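Below you'll find the structure, written out as structure tokens, and then a few comments.
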Amino acid sequence: MIAVQGVWKFFGDFAALRDLRLEITRGSTTALLGRNGAGKTTLLRMLAALSSPSRGTITLDGAGLREPAQRRRIGVIGHGISIYDDLTAAENLEFFASLYGVGAPGAKIDQWLETTGLARVRNSLARQFSRGMRQRLAIARAFFHEPDVLLLDEPFTALDDRAAELLAGLIRQAHERGRTVLISTHQLREALALATDVAVLDRGRLAFHGPNTADLQTAPEDFYRRFTEAPA
Amino acid sequence: MRELLGPALAIARKDLRVERRSKEVVNAAFSFALVVLLLFSFTFDPSGDEVRTMSGGLLWLVYAFAGVLVLNRSFARETQNDCLDALVAAPASAAAILLGKTLANTVLLLALEAATLPVFTIFYNVRWDFRLGWLLVVLVLATWGFTVIGTVFSALTVNVQLREIMLPLLVFPITIPVLMAAVQLTTVIFTGEPMEPEMVWVRLLVGFNVIFTTLAGALVEYILVG
């Protein structure tokens, strides 16, 4: 379980997150919704151990996130694709395999290059790839060490059809295997089609957290407005 | 120890592989070093004895400025495609990231030094081959000291708009002891004077490296994780 307990995050005097309390249960797929500046990316960066809370604590199964053993359990897709243009597709995955301590990574790399449709270009430099191919390599990078927790920040933004389909399939598969998934997004319908739970952030506070029910999926925009258009 | 060395070596190998392909740093730093050595050779009479007494200073001036070009790109290259996020999120400690980057930068700088040293000896009529062992010791120790500080500040300035200007302003004052020791020892090597009285400078380099490598390893977590 991911436990966010009384977390504040300040950038100078500005509080991006205000006393945030959130518990994400193991095996859930949570859609993290909110307007620009609501604090979604700030929260995801802290969950990915890229940034520390100014106050409060975040734990994964009771332990801090900066422990290397904990970070080995997390896979991240951030705003950038985080792949090296001057490495080949296989070298990119080999490099991250060595950082994540994936033993005998050769077969796993082959399998992921096959899954993402990049086996044919495994020895080509990433800089020669089309945007869609680079995105699929980024997806392979985030998933191939089989993380227990997947943190996806706007993962569907600017994805081509093939990459979006691949990602949605992998998220479903991760859920079936009991992985915990947190998806920050503006694309309500795509996220709600995958999510078991919904959390809405509004100006750094948790405005809603609950299960993704059928009536919520029928009119997601109405639901979303209810929590994000309240007067300041 | 394996937790530190494994990721560090992987990062160093990756950086060197990327540099071997892109050559963005090596070409610029090598050309810069050659141009400065050439310009200095017009300024001084290469056959004069006073050049030999200044040779250590001239050489390390070139190495320091060319080195900053290498160090500037060390973490800046990770900002492309937001690779730094993936690196920091991976289960490698910040100390391992620093060690890996420092190793790669040290190899690049030593390669630069090895490539420009023969040019220097030709331009300035300096003999160094009879004390090659000592020269290697000084180059390795001083380069490591300069690089470890430079790599930490490369991480610190990675998101600063004027990082090309900020980095030398931060690195040079802190590495003054390293550069002083390197200049003194290199000059003694080139002039053929005895090394024994200068051992204090070697001890200074070793002490500086131990203290600042340890300190950098302890502090870099706070630099990389805001």
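Chain order of the listed sequences is A and B.
Residue 60 in numbering that gives the first Met the number 0 sits at position 61 of the first sequence, and the numbers go up by one each step.
Residue 138 in numbering that gives the first Met the number 0 sits at position 139 of the second sequence, and the numbers go up by one each step.
Note that CB positions come from ideal geometry on N, CA and C, so glycine has one too.
On a predicted model such as this, the values are computed, not experimentally measured, just so you know.
Residues that DSSP places opposite residue i in a beta bridge
i: W7(A); result: R54(A)
i: L19(A); result: V6(A)
i: I73(A); result: V148(A)
i: A198(A); result: L31(A) and H208(A)
i: G63(A); result: T58(A)
i: T87(A); result: L124(A)
i: I1(A); result: I23(A) and L59(A)
Member of the options whose CA lies at the smallest distance from the CA of residue i
i: D201(A); options: T217(A), L193(A), T41(A) and R25(A); result: T41(A)
i: R76(B); options: K100(B), L131(B) and G206(B); result: K100(B)
i: R65(A); options: S53(A), G77(A), I80(A) and L49(A); result: L49(A)
i: T156(B); options: R72(B), Y62(B) and L58(B); result: R72(B)
i: R225(A); options: R34(A), R126(A) and R72(A); result: R34(A)
i: A213(A); options: D196(A), F207(A) and L205(A); result: D196(A)
i: V75(A); options: A192(A), R54(A) and S183(A); result: S183(A)
i: T58(A); options: G203(A), R133(A), R20(A) and R171(A); result: R20(A)
i: M194(B); options: I175(B), L131(B) and P172(B); result: L131(B)
i: D147(A); options: G61(A), I73(A) and W111(A); result: I73(A)
i: P210(A); options: R178(A), Q4(A) and S27(A); result: S27(A)
i: T114(A); options: Q4(A), M132(A) and A103(A); result: M132(A)
i: M165(B); options: L38(B), W59(B), V147(B) and V67(B); result: V67(B)
i: E220(A); options: H208(A), L191(A), A206(A) and G203(A); result: L191(A)
i: G55(B); options: G144(B), V187(B) and S153(B); result: V187(B)
i: V61(B); options: M198(B), K22(B), W133(B) and A181(B); result: A181(B)
Chain B residues whose Cβ lies nearer than 7 Å to that of residue i
i: S129(A); result: The contacting residues do not exist; S129(A) stays about 15 Å from chain B at best.
i: G79(A); result: N80, D81 and D84
i: L49(A); result: D84, V87, A88 and V224
Exposure label - residue i; buried when at least 16 CB within 10 Å
i: A231(A); result: Because the pLDDT of A231(A) is 46, which lies under 50, any placement of that residue in the model is unreliable, and the number read from its coordinates should be weighed accordingly. When all chains shown are included, A231(A) counts as exposed.
i: K13(B); result: buried
i: K8(A); result: buried
i: F13(A); result: exposed
i: I210(B); result: exposed
i: E175(A); result: exposed
i: R202(B); result: exposed
i: N158(B); result: exposed
i: S30(B); result: exposed
i: E22(A); result: exposed
i: M45(A); result: buried
i: F152(B); result: buried
i: T217(A); result: exposed
i: F189(B); result: buried
i: P172(B); result: exposed
Residue i: contacting residues in chain B (beta-carbon distance under 9 Å)
i: R71(A); result: A89 and P90
i: R140(A); result: A85
i: I23(A); result: Under the 9 Å cutoff, chain B gives no residues; its nearest Cβ is about 18 Å from I23(A).
Contact under 9 Å by Cβ, residue i with residue j
i: V125(B); j: R20(B); result: no
i: T142(B); j: E112(B); result: yes
i: L98(B); j: A28(B); result: no
i: E220(B); j: A93(B); result: yes
i: T150(B); j: F74(B); result: yes
i: Y83(A); j: A89(B); result: no
i: Q186(A); j: D159(A); result: no
i: L149(A); j: L193(A); result: no
Amino acids of chain A, ordered along the chain, whose beta-carbon sits closer than 7 Å to that of residue i
i: I20(B); result: Here residue 20(B) is Arg; the residue named in the question, Ile, does not match the sequence. Under the 7 Å cutoff, chain A gives D85.
i: E2(B); result: P67
i: A9(B); result: F94, S97 and L98
Chain-ordered neighbours of residue i on chain A, where CB pairs are closer than 8 Å
i: G5(B); result: S97 and G100
i: K100(B); result: By Cβ distance, chain A contributes nothing, its closest Cβ being about 13 Å from K100(B), past 8 Å.
Per-residue contacts from residue i into chain B (C-beta, under 8 Å)
i: V75(A); result: D84, A85 and A88
Chain-ordered chain A contacts of residue i [CB-CB under 9 Å]
i: V17(B); result: Y83, D84, D85 and L86
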